[in-house]
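Residue numbers (this note's numbering): 1 to 117. Just so you know, even glycine gets a beta-carbon here, dropped at the ideal spot from N, CA and C.
(1) Would residue 78 be called buried (16 or more neighbouring beta carbons within 10 Å of its own) or exposed?
(2) DSSP beta-bridge partners for residue 65?
(3) What did DSSP end up calling residue 98 once you bin it into helix, strand or coil?
(4) Rounding to the nearest angstrom, what Cα-Cα distance links residue 59 and residue 67 in this structure?
(5) Run the CB neighbour count on residue 87, radius 10 Å, all protein chains shown included, and call it buried at 16 or more, exposed below.
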């Protein structure tokens, strides 16, 4: 929740050519799920974290990359961003420990030094 409007999210997705947003018919539910969690365009800038947001940053020391868990306290649903295959069990354990159900996995980009999970 950084004050992004749905229009700004669409622009960002278009600029980054994110398949789940622009071209994938099966990913429509994910697009709607994300849009429903953006603040309203007239909400102004959010200066403090939303207490309903669950955030966890996960590090892979071999590839020096991060994966992220974003979850909702209310629905107990989560999205996992940029996971590394070798850490699948760790990531699923974090979700379990946080009491979250994995709803989507998003790979925002590819890495030559590891396989995404």
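On the basis of the coordinates in this document:
(1) What you label residue 78 is simply residue 78 of the chain shown in a count that begins at 1. Buried, because 16 or more other Cβ atoms sit within 10 Å of the Cβ of residue 78.
(2) Counted from its first residue, the chain shown places residue 65 at position 65. Bridge partners of residue 65: 60.
(3) For the purposes of this step, residue 98 is taken as the residue at position 98 of the chain shown. Coil at residue 98, not helix or strand.
(4) Here residue 59 corresponds to residue number 59 of the chain shown, with the count starting at 1. Here residue 67 corresponds to residue number 67 of the chain shown, with the count starting at 1. Taking the straight line joining both Cα atoms gives about 6 Å.
(5) For the purposes of this step, residue 87 is taken as residue 87 along the chain shown, with counting starting at 1. Residue 87 is buried by the Cβ-count criterion.
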